[in-house]
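In the UniProt record's numbering, the protein residues as written are 1 to 260.
Please read the structure below before turning to the comments.
Here it is as structure tokens:
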């Protein structure tokens, strides 16, 4: 928690009462607080819309005539208020409202993201043919040890990571699905290429926990952040199990909506 220390000498210039950039020095209000309030006003007014990238610390420090430590403290306040979010390797962005994510009989990530006015992207992370574990075999109606195809993916909206996870398919039915998905970035299109024209959600289970190291790296979130873990079973139009998957969603980037 950032301390509200308006008497922090390091945050003040000479007590002249003169303005420096957008700040008023000598007002008795810490400069980091004034910077936070100025940027917040720009966000609330729409001057910095949702998804907009903030200038880097050095640029903000030059604008306000302060050191980078003072800027960093101001950005910490905005992060705590849920107004901005820092993504490692990308910068600090005005936080988008949570993605409304309906879960119903027909749940498609790309369609959901497009309906929110954002650009979807599915990223292929890897695949492997492996023996079905007891959990996978139970969900897909197989015997333990049967060959299954595991596909690891992550999904983004406007370039912001939303989820990552794995899906398991009956290998004899979905050979080369991983290659097609890697080329198209769409599971629906990849399955259609194999003659599976439609599928529906049979069941979704939702849990939550603290993100592990791999999830933090893929989803660009700091230690201690929570993820919602969704386990799903999809079946084809004949009701035959098609895939079982487990995905981790960044908890504060997605709003799950359960549809009947």
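Backbone N, C-alpha and C fix where the C-beta goes; we use that ideal spot for every residue, glycine too.
Kindly indicate the opening and closing residues of the alpha helix (DSSP H) around residue i.
i	result
residue 134	134 to 140
residue 73	68 to 80
residue 45	31 to 45
residue 113	109 to 115
residue 63	57 to 64
How big is the Cα-Cα spacing for residue i and residue j?
i	j	result
residue 134	residue 85	40 Å
residue 78	residue 40	7 Å
residue 257	residue 151	26 Å
residue 82	residue 38	16 Å
residue 18	residue 32	For residue 18, the pLDDT reaches just 43, beneath the cut-off of 50, and the residue's location in the model is therefore unreliable, although a value from the coordinates is still provided. Spanning the two alpha carbons is a distance of roughly 16 Å.
residue 92	residue 149	37 Å
residue 116	residue 29	40 Å
residue 54	residue 196	44 Å
residue 60	residue 47	16 Å
residue 243	residue 235	7 Å
residue 245	residue 52	33 Å
residue 144	residue 107	28 Å
residue 224	residue 80	14 Å
residue 193	residue 238	18 Å
residue 7	residue 26	Residue confidence is low: residue 7 scores 36 on pLDDT, short of 50, so the model does not pin down where it sits. Its coordinate-derived value is still stated next. C-alpha separation (whole angstroms): 11 Å.
residue 181	residue 126	10 Å
residue 68	residue 74	10 Å
residue 76	residue 211	21 Å
residue 185	residue 23	47 Å
residue 166	residue 231	10 Å
residue 56	residue 97	22 Å
residue 199	residue 45	44 Å
residue 227	residue 173	32 Å
residue 201	residue 222	32 Å
residue 229	residue 170	22 Å
residue 220	residue 191	29 Å
residue 233	residue 102	16 Å
residue 15	residue 89	Note that residue 15 has pLDDT 36, beneath the 50 cutoff, so the model's placement of it is unreliable and the number below is only indicative. Distance between the alpha carbons of residue 15 and residue 89: 38 Å.
residue 155	residue 183	15 Å
How far does the beta strand (DSSP E) with residue i in it extend, from its first residue to its last?
i	result
residue 85	84 to 87
residue 152	147 to 157
residue 127	120 to 131
residue 99	99 to 103
residue 164	160 to 170
residue 144	Run containing residue 144: none; DSSP gives neither H nor E here.
residue 91	91 to 94
Just confirm the distance between the C-beta atoms of residue i and residue j, as a whole number of angstroms; I'd bet it's less than 8 Å.
i	j	result
residue 100	residue 255	5 Å
residue 71	residue 35	6 Å
residue 259	residue 104	3 Å
residue 122	residue 87	With 8 Å as the limit, residue 122 and residue 87 do not qualify as a contact, their Cβ atoms being about 19 Å apart.
residue 119	residue 58	The Cβ separation is near 29 Å, so there is no contact.
residue 267	residue 50	With the chain covering 1 to 260 only, the question about residue 267 has no answer from this structure.
Task: Contained alpha helix (DSSP H) runs [length at least 4] in the region 179 to 255, N- to C-terminal order - done: 187 to 193, 213 to 219
TODO: Check whether the region 204 to 223 touches the region 244 to 258, taking contact to mean three or more Cβ pairs, one atom from each stretch, closer than 8 Å.
DONE: yes
Task: Inter-stretch contact at 8 Å, needing at least 3 Cβ pairs: the region 151 to 162 / the region 52 to 64 - done: no
Open item on the list: Can you confirm whether the region 134 to 143 touches the region 111 to 125 when touching is taken to mean that 3 or more C-beta pairs between the two stretches lie within less than 8 Å?
Closed with: no
Task: the region 176 to 187 contacting the region 203 to 210, beta-carbon criterion three pairs below 8 Å - done: no
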